[in-house]
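*Asks:*
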Amino acid sequence: MDESAQPVIELIVHPDDLGKVIGRGGRVAHALRTIVRATAEGRVAVDILDSEEAAEGVEDDAGR
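Quick note on our numbering: the sequence shown kicks off at 1116 and runs consecutively.
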């Protein structure tokens, strides 16, 4: 959950594929977020992370 107590879906992709998932001008990422929010009635956030960034986040969480 993020700061607003909203559930967060983390989409983890390989760094080489990050550009494909985000798309030109963020269009693919925006479309993914729109579909997810529509099915969850706007009560969920979508974060797109590369696998290296996600691994760093896991290490940071373990240190708490």
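Here a beta-carbon is modelled for each residue, glycine too, at the ideal position from N, C-alpha and C.
Taking D1165 as the reference, which of V1128, P1122, Q1121 and V1123 has the closest Cα?
*Replies:* Cα-wise, what sits closest to D1165 is V1128.
*Asks:* Quick one: what's I1127 bridged to in DSSP?
*Replies:* I1127 is bridged to L1164.
*Asks:* Could you give the DSSP three-state label for R1148: helix, strand or coil?
*Replies:* If DSSP states are grouped into helix, strand and coil, R1148 belongs with the helices.
*Asks:* For L1126, which residues of its own chain have a beta-carbon under 8 Å away from its beta-carbon, when the five flanking residues on both sides are left out?
*Replies:* Hits under 8 Å: V1136, L1147, V1161, D1162, I1163 and L1164.
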